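The letter at position 73 of the sequence shown is residue 80 when you use the working numbering, and the numbering goes up by one with no holes. Just so it is clear, CB atoms sit at the ideal spot from N, CA and C, and this is done for glycine as well. Note that this is a predicted model, so its numbers are computed, not measured. Written below as structure tokens is the structure these notes are about.
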Amino acid sequence: MELQKAHPRQHKEKDGGIQTVSQININKDKPFFRQLTRKLEHLIFPGEGICVICKKSLKDIEKGICSDCISQIPPITEPYCTKCGKPLLGNNRNKLCSDCLLMPNRYFLQNRSYGKYEDILKKAIILYKYKNKKSLSDPLGSLMLSTFKKQNWQPPEYIIPVPLSRKRLRGRGFNQAELLASVISKKIGIPVLNKNLLRTRATEHQTKLGKIQRQENVKGAFKIIDSSMIRGKTLLLIDDVYTTGATLNECSKVLKEAGASRIYSLTLAVGRGF
Ligand SMILES: [Zn+2]
Ligand SMILES: [Zn+2]
8 MELQKAHPRQ HKEKDGGIQT VSQININKDK PFFRQLTRKL EHLIFPGEGI
58 CVICKKSLKD IEKGICSDCI SQIPPITEPY CTKCGKPLLG NNRNKLCSDC
108 LLMPNRYFLQ NRSYGKYEDI LKKAIILYKY KNKKSLSDPL GSLMLSTFKK
158 QNWQPPEYII PVPLSRKRLR GRGFNQAELL ASVISKKIGI PVLNKNLLRT
208 RATEHQTKLG KIQRQENVKG AFKIIDSSMI RGKTLLLIDD VYTTGATLNE
258 CSKVLKEAGA SRIYSLTLAV GRGF
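Following this line, the structure appears as structure tokens:
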């Protein structure tokens with residue numbers, strides 16, 4: 008189990024001032040060094056300096072996707088389901104989506120997602136997960152952060168990314184939820200609790216499964232290593248896409264059984280079925 012530090016390591020300067028690691032070594036503020044670094048990045052990682060969506064050159068402050076493309080990803084606005092955050096049709100007076108009406112016993116208090124899994128956001132998530140575009144974790148994590156800030160939630164004590172099975176982690180090389188969690192953690196100063204919630208077995212891809220099959224597929228697939236870290240805590244679960252909520256609910260169930268007091272869920276996108 009690892010507890011990631013929420014803040015970058017700090018180094019003391021000679022005059023006693025504090026500098027973060029990212030500010031030391033090379034003086035990146037000088038245009039010459041900035042351009043040189045960019046050019047080297049182009050050579051080593053071709054395609055890293057252009058927007059994954061529109062292919063325009065990225066500015067220094069942009070990572071993976073340009074700000075124009077990011078601004079075209081609309082956030083979910085009301086009306087949405089008060090429980091799972093899925094967009095509702097305008098005439099829905101229940102304030103709950105059909106999933107939440109049928110399945111009231113969810114173990115998380117609420118889920119919220121930044122946008123719908125379609126158009127640019129869908130393309131960006133596919134590139135991020137399956138084409139190894141890890142640089143997208145930064146702008147995509149920032150979108151999630153904007154959704155998080157709008158919530159009237161109790162401040163969580165830990166952020167927990169939905170874990171991958173060892174097999175899938177080996178195949179992909181990284182856990183997309185973990186990178187998003189670490190971006191959010193750095194920005195809000197809440198630590199990521201890693202390798203405590205584990206996936207005990209590889210599950211089938213949920214994509215082609217129906218609602219009930221998805222629940223069955225993830226049943227018993229998670230376990231807690233050390234419940235003393237969880238007991239009485241408010242937790243924020245992080246994943247990339249919320250579809251039926253089966254995975255997030257199963258994770259929440261295990262965390263609740265380990266004594267967690269409140270569980271919120273935050274995802275980047277909400278999948279089909281809205
Ligand atoms: Zn673009
Ligand atoms: Zn719902």
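- In this structure, the beta-carbon distance from S74 to Y121 does not fall below 8 Å.
- Ranked by how close their Cα comes to the Cα of G196, the residues R179, H212, P162 and Q222 have P162 in first place.
- Excluding the 5 residues flanking it on each side, K136 has same chain C-beta neighbours closer than 6 Å at Q183, in chain order.
- The set of residues with any CB-heavy atom separation to ligand 1 below 7 Å comprises, in chain order, C58, I60, C61, K63, I72, C73, D75 and C76.
- Counting every other CB atom within 10 Å of its CB across the protein chains shown gives K260 a total of 16 or more, marking it as buried.
- Annotated three-state conformation of P146 is helix, per DSSP.
- CA-CA distance, T207 to N256, rounds to 16 Å.
- In the structure shown, the three-state DSSP call for D106 is helix.
- Rounded to whole angstroms, the separation of the alpha carbons of I60 and I270 is 34 Å.
- Distance from the CA atom of R100 to the CA atom of C88, rounded to whole angstroms, is 10 Å.
- In this structure, the alpha-carbon of M151 lies about 32 Å from that of L43.
- Relative to the non-hydrogen atoms of ligand 2, the Cβ of L244 never comes closer than 7 Å to any of them.
- The beta carbon of L103 sits closer than 7 Å to at least one heavy atom of ligand 2.
- Taken atom to atom, the span from the alpha-carbon of N224 to that of L171 is near 14 Å.
- In this structure, T254 places its C-beta atom within 8 Å of the C-beta atom of V169.
- Residue burial is scored here from C-beta neighbours: D246 has at least 16 other C-beta atoms within 10 angstroms and is therefore classed as buried.
- With respect to K90, C107 sits close: the two C-beta atoms are nearer than 8 Å.
- For Q213, the CB contacts under 6 Å within the same chain, skipping 5 residues up- and downstream, are R221 in chain order.
- The beta carbon of L262 sits closer than 8 Å to the beta carbons of Y114, I167, L204, I231, I237, L242, L244 and I270 from its chain, once the five residues preceding and following it are set aside; these are given in chain order.
- Contact between K141 and L134 does not hold, since their C-beta atoms are separated by about 10 Å, which reaches or exceeds 8 Å.
- Distance from the Cα of K194 is smallest, within the candidate group K202, L95 and L147, for L147.
- The C-alpha of A131 lies about 15 Å from the C-alpha of K63.
- Between ligand 2 and C107, a heavy atom-to-CB distance of less than 7 Å is present.
- DSSP, read as helix, strand or coil, puts F229 in strand.
- In the DSSP assignment, the residues bridged to Y271 are Q117 and L243.
- A direct Cα-to-Cα measurement between V277 and D233 gives close to 30 Å.
- Ligand 2 approaches C88 closely enough that one of its heavy atoms is under 7 Å from the residue's Cβ.
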